[in-house]
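Residue numbers (our numbering), protein chains in the order written: chain A, 1 to 56; chain B, 57 to 263; chain C, 264 to 470; chain D, 471 to 713; chain E, 714 to 931; chain F, 932 to 1149. Beta carbons are placed, not taken as given, at the ideal position from N, Cα and C, and that holds for glycine. All values reported here derive from a predicted model rather than from experimental measurement. Have a look at the structure below, then the notes.
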Amino acid sequence: MMPDLGRYAVAVLSSYGASLAMLVALVALTWWRGARVKRQLAEVEARQARATKGEP
Amino acid sequence: MEMVVDNLGVARGGLTVLEGVRFALAAGQALILRGPNGVGKTTLLRTLAGLQPAVAGTLRVPPESVTYAAHADGLKAVLTVAENLAFWAEIHGGGDVQAAMAEMNLTELRDRRAANLSAGQKRRLGLARLLVTGRPIWVLDEPTVSLDQASVTLFAGVVRAHLARGGMALIATHIDLGLEEAAVLDLAPFKARMPVASGGGFDEAFA
Amino acid sequence: MEMVVDNLGVARGGLTVLEGVRFALAAGQALILRGPNGVGKTTLLRTLAGLQPAVAGTLRVPPESVTYAAHADGLKAVLTVAENLAFWAEIHGGGDVQAAMAEMNLTELRDRRAANLSAGQKRRLGLARLLVTGRPIWVLDEPTVSLDQASVTLFAGVVRAHLARGGMALIATHIDLGLEEAAVLDLAPFKARMPVASGGGFDEAFA
Amino acid sequence: MSLWEYANPKKFMQVSAGVLPWMAGLTGLCLGVGLIWGFFFTPDDFRQGSTVKIIFLHVPSAMMAINAWVMMLVASLIWLVRRHHVSALAARAAAPVGLTFTAIALVTGALWGQPMWGTWWAWDPRLTAFLILALFYLGYIALWQAVEDPDTAADLTAVMCMVGSVFALLSRYAVKFWNQGLHQDSTILKVGEKDPIAPVFYVPLVVCIFGFVLLFVALVLMRTRTEIRARRLSALLARERLA
Amino acid sequence: MKALLLRDVRLAIRAGGGFGLGLAFFLLVAVLVPLGVGPEPATLAKIAPGILWVGALLACLLSLDRIFALDFEDGSLDLLATAPIPLEGVVAIKAFAHWLVTGLPLTLVAPVLAVLLNLPGPGYLWLVVSLLAGTPALSVIGAFGAALVVGVKRGGLLLSLLVLPLYVPTLIFGAEVVKRGASGTEVSVPLLLLAGITAGAVALLPFAAAAALRVNLR
Amino acid sequence: MKALLLRDVRLAIRAGGGFGLGLAFFLLVAVLVPLGVGPEPATLAKIAPGILWVGALLACLLSLDRIFALDFEDGSLDLLATAPIPLEGVVAIKAFAHWLVTGLPLTLVAPVLAVLLNLPGPGYLWLVVSLLAGTPALSVIGAFGAALVVGVKRGGLLLSLLVLPLYVPTLIFGAEVVKRGASGTEVSVPLLLLAGITAGAVALLPFAAAAALRVNLR
Ligand code: HEM
Ligand SMILES: Nc1ncnc2c1ncn2[C@@H]1O[C@H](COP(=O)(O)OP(=O)(O)OP(=O)(O)O)[C@@H](O)[C@H]1O
Ligand SMILES: Nc1ncnc2c1ncn2[C@@H]1O[C@H](COP(=O)(O)OP(=O)(O)OP(=O)(O)O)[C@@H](O)[C@H]1O
Ligand SMILES: [Mg+2]
Ligand SMILES: [Mg+2]
């Protein structure tokens, strides 16, 4: 299955490896921060909704 | 010459802190602003001085008539008292430095570098700057911090003389300045009401 | 535990500003320092805190018992209220952060970064630091600047509680704190006389 | 209904929530097909051998690195002129994506350069200009992070983006003037040249380029949504503070 | 305006103001590089134009944060913004003052340091000419960067990061002029481009800088 | 003490703390020098050890003023001086924190930048080793300089001037290690000397720095 990369195998494989690693890291970071901010916002909104309902 | 503020809203850090502020100030009048810590006095004064835009309402001030004094009083430590004042006088087209130093009791310190003044002496120098600008509207943020009692009285006298010359003054302060003729405006009633958080609305977050 | 100051002389910028200062402070007592601007209050307090040497007289203070609070209150803008206090508590061997926040009415603000506090809230945090150091002698330079009336009263209560625990306090201030039990020392009489220039003597210039 | 309505945060959140899953799926499809095709099912080039496979990462990321900056420039202009918060936040969201693409282009280029030119790095104008672009990205991101107030940060970064674009162009001409390079000129978009890329490489390359475009759009949408939420979060917290 | 220029120059000259420090830094770079690189005259002669320009640029850079930050911290900038002179004028004057106390002295001492780096003879004239044509751009671009970061505490490093990429074209053309001058070839093209950059920067950047300042004062 | 170290590192990492900017500056120097000097690989390879060390040194230098100045300005330093830990310990910890957030990262990215400057193959290992051995000295010497100028407003430039001469021995031996390593000759003598400088600086300078701080607080 693996194509024969000849004497350039290292260059090609490390290009793919490094690029995919960077892309995955970027996507993971994006995802992770997105989920965290979404959760925090939900918390604060719930808290404030409770506060405004509770007070008056 | 008149300053008119109508229905003014001011914001700090993207949030409106005061709204519906309304007053008018004519030549010869002073207004003292009061309010608890964090109500927005500094924010209001910076808006009136033209350093930040108002978020609502109208603000009518004659152009180039306001001078502002905050905690940081724009003194250069390596310049002497006289040099500091002379600079601001020249920038504003030549006020009388000698007279200003005499009025704020700084004549003896005239050749002392600002670095070597005590906290209160520095403050006096900062206030003397108001006189050399020659501008009619003084906007002052807690001007008497770290002044002793004698200096507070001296300063009240200077403000009174300024009013008598047809000037105006807007002063935010926590202490009593002894300016009985000045009107007092409490800012607490103008505190902005928080809009109720409506679930899932993203619009008001950017107000 | 006692603090004794006898015939103390303190200098600023190479010039003696106060001399012959004399007082004693026992556990549970407070002393309020008064005096006009530039008389040398800040200089005296820094000397008592051990930040600069005295030029004359004796100063008997138990070692590692003084904590000093000036205008700059050592807060890190990017740390939260609790983090700021926890740092100073750890440095001093673990004071009670929760209790300090409760006493200075900061518990609600515990996770807010110091950058986002108003001037008065910041000051309260700076004063809460005194509590976590666990040190008995508080040396305070104009501690109530920019506090509103309610916070001043709160602070007076905290000082009183500290005294009741056997602490001491030395406070330089221009305003009335409402601490009636504290002794008051006016520094004006201790102002250093300028040495008369005796022709050709170079000694006193280096004093 | 005008286009500007999408710059309203609420509208944007609604629309992007609907679009995003499709976008993500399409991105995965394009990138997967393009890269697998490129890596497994293309022949070796007669001169470059198997290194030609690097082109499927190098060229799309290089193109998108530049396009991301252009998008940020446009978004900054929209913010300065119409003051739509979404566009300022979109510019902010795009910067790290652009920086990552720049890094990928640089790394794959370096790894390609070793067998082809016998060196990891040469001060060729194209390469140099790219390095400078990376510096601009770094500065832009650092400025966003350093300034506390979000609107102030948006204004400052927008001004910086505009001035920076001018100087980035100037730098490009300057480095060309300075040195003739090794790197080949752009041929991808010039149809009908005498020496075009062979179709066996061209077709998967186009698929990959599409994949990178979609990836960019999907990531920017996602990050913009996060930025909007973060902005609302800090506004709600600040409001709590004032109350 | 004249008062502002005089004040800025005076502040720079008084103790602690930083005048002369830029020069000293330039000197240090010119000394450190041979120490690091090694003493071979041929190598040094080759890299002299580039190193001298990089040194001038770094010396300029290090004094940038004084342009506005000090005035911002002590409140002078608030007061200048409400004073009866346009903020664009303030920026231009302050950049000019910065050039007077760094760019100009750098230009004047550069030939002396060129001796340390073994610059070939014909290069000296072009070194001075290129610095004279290029350093104003460094000051103006730097003033723009300083205006961007004026609200950031101890923003020196951030300032470097923002400003150095903007310095690239100036550096390339400036060093190219010296290199060509040193090897006796025609210098007019890079020199004209250098002058063009300076002219453009001086004409346009004060407006951008004033806009950034207004935002920061808000 | 641990609390202080944690706080300093945390402050450096939080937004605006300047972590990463030192790296960016190092990158900038590594980019600017070739832009000024020109692209010939042979010339670059020759000057690479020196330029990399000069770059690391400048990057270190620019973040020095944060060591004490921020704490001085906000009053923390007064409080630390009266706290129950010796001021020498405070200095040592702060220098260590500075090394953790600048010297160490610089060492780690240096090989990448060496690619830009075309450093010959065998030099990479010795570049990392020499930086690892030398950057602690840079931080400690820098902390001493920072303690000297802590009362000076925006004293960055003055600080550079004071500290750079002190950096000269470190620079010479450090660059020499890399040069010898790159050309495949014996490196042990300069490396030992470099380590010796670091050991001496770490052992003695905290005392000098603490003394300077005490004077400046007075
Ligand atoms: C770090 C080094 C490199 C950088 C930063 C770089 C950057 C770029 C850029 C910006 C493009 C333009 C994409 C576009 O707009 O069309 C490009 C295209 C390209 N690069 Fe590189 N490159 C590098 C090294 C290399 C190397 C070593 C090779 C191969 C020997 C190479 C081969 C190509 C090819 C074949 C293209 C497509 C050109 C076309 O036909 O459009 N690059 N590169
Ligand atoms: N950078 C900021 N971001 C968000 N909110 C802020 C910021 N700075 C101040 N605030 C908040 O804005 C409000 C108004 O602040 P302002 O400084 O105008 O109050 P003030 O009336 O002058 O208070 P003081 O009497 O303490 O000086 C305060 O509640 C404060 O917490
Ligand atoms: N660096 C300096 N060099 C010389 N003299 C100085 C220096 N700093 C302050 N002084 C002088 O020393 C005296 C004492 O200053 P100090 O700050 O102790 O006064 P203070 O009582 O705290 O005044 P304030 O109430 O205004 O704070 C003042 O007269 C001041 O002019
Ligand atoms: Mg206020
Ligand atoms: Mg005082």
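Asked, Found
"Could you tell me if the beta carbon of Asn140/B falls within a distance shorter than 7 Å of some heavy atom in ligand 3?", "no"
"Cβ of Thr321/C within 7 Å of any heavy atom in ligand 5?", "no"
"Please go through the same chain and pick out, in chain order, the residues whose beta-carbon is closer than 7 Å to the beta-carbon of Pro824/E, but skip the five residues on each side of it.", "Tyr837, Leu840 and Val841"
"Can you check whether the C-beta of Val24/A is within less than 8 Å of a C-beta belonging to chain D?", "no"
"Nearest-angstrom Cα distance between Glu467/C and Asp152/B?", "Because the pLDDT of Glu467/C is 43, which lies under 50, any placement of that residue in the model is unreliable, and the number read from its coordinates should be weighed accordingly. When rounded, the distance between both Cα atoms is 38 Å."
"If you run the structure through DSSP and keep just helix, strand and coil, what is Gly662/D?", "Residue placement at Gly662/D is flagged as unreliable, the pLDDT there being 48, under the threshold of 50; a coordinate-derived value is accordingly withheld."
"Is there a C-beta anywhere in chain D that falls below 8 Å from the one on Phe785/E?", "no"
"When you compare each of Arg720/E, Gly869/E, Thr898/E and Leu821/E to Ala955/F by their alpha carbons, which one comes out closest?", "Gly869/E"
"Sorry if obvious, but does the Cβ on Ala332/C come closer than 7 Å to a heavy atom of ligand 5?", "no"
"Given a threshold of 16 other Cβ atoms within 10 Å of its Cβ, counted over all protein chains shown, does Gln412/C qualify as buried or as exposed?", "exposed"
"Does the beta carbon of Val962/F come closer than 8 Å to any beta carbon on chain D?", "yes"
"Val61/B to Gly70/B, Cα distance in whole Å?", "21 Å"
"When you compare each of Leu440/C, Leu433/C and Asn300/C to Ala290/C by their alpha carbons, which one comes out closest?", "Leu433/C"
"List the endpoints of the continuous alpha helix (DSSP H) containing Val1080/F.", "Unbroken run through Val1080/F: none, as it is neither H nor E."
"Does Asp594/D come within less than 8 Å of chain B when only Cβ atoms are used?", "no"
"Determine the DSSP secondary structure at Asn1147/F, reduced to helix, strand or coil.", "helix"
"Please list, following the chain, all residues that have a C-beta closer than 7 Å to any non-hydrogen atom of ligand 5.", "Ser174/B, Ala175/B, Ser202/B, Lys304/C, Thr305/C, Asp404/C, Glu405/C and Ala435/C"
"Taking 8 Å as the CB-CB cut-off, is Arg709/D touching chain B?", "yes"
"Just to make sure I have the definition right: I need the residues of chain A whose C-beta is within less than 7 Å of the C-beta of Pro585/D. Which are they?", "Tyr8 and Ala11"
"Tell me which residues share the same chain as Leu271/C and place their Cβ nearer than 8 Å to its Cβ, disregarding the 5 neighbours each side in the sequence.", "Leu281, Glu282, Gly283, Val284, Arg285, Leu307, Thr310, Ala317, Ala319, Gly320, Thr321 and Leu322"
"Does DSSP put Arg727/E in a helix, a strand or coil?", "coil"
"For Val73/B, report the span of its beta strand (DSSP E) as first-last.", "Leu71 to Ala82"
"Is the Cβ of Lys660/D closer than 8 Å to any Cβ of chain B?", "Annotation note: pLDDT 48 at Lys660/D (below 50); position unreliable, no value reported."
"In this structure, what does DSSP give as the bridge partners for Tyr331/C?", "Val402/C"
"Leaving out the 5 sequence neighbours to the left and right, which residues in its chain are closer than 6 Å to Met542/D when beta-carbon positions are compared?", "Ala561, Ala564 and Cys631"
"Against Trp766/E, what residues of chain F qualify as contacts under a CB-to-CB distance less than 7 Å, listed in chain order?", "Gly967"
"With 8 Å as the threshold, decide whether the Cβ of Val617/D is near any Cβ in chain E.", "yes"
"Mind listing the chain E neighbours of Ala644/D? Cutoff is C-beta to C-beta under 7 Å, in chain order.", "Val881, Pro882, Ile885 and Phe886"
"Going by DSSP, name the residue or residues bridged to Leu1136/F.", "BP columns for Leu1136/F are empty, so no partner."
"Within 8 Å of any Cβ in chain D, is that where the Cβ of Arg33/A sits?", "yes"
"Which residue or residues does DSSP assign as beta-bridge partners of Met264/C?", "None, per the DSSP bridge assignment."
"Have a look at Ala238/B, Arg179/B, Leu135/B and Thr189/B and flag the residue whose alpha-carbon is nearest the alpha-carbon of Gly301/C.", "Arg179/B"
"May I ask you to report which of helix, strand or coil DSSP gives Asp625/D?", "helix"
"Would you say Lys481/D faces chain A, with C-beta separation under 8 Å as the test?", "no"
"When burial is assigned at 16 or more other CB atoms within 10 Å of the CB, is Leu426/C buried or exposed?", "buried"
"Per DSSP, Leu294/C is paired with what?", "Leu433/C and Ala446/C"
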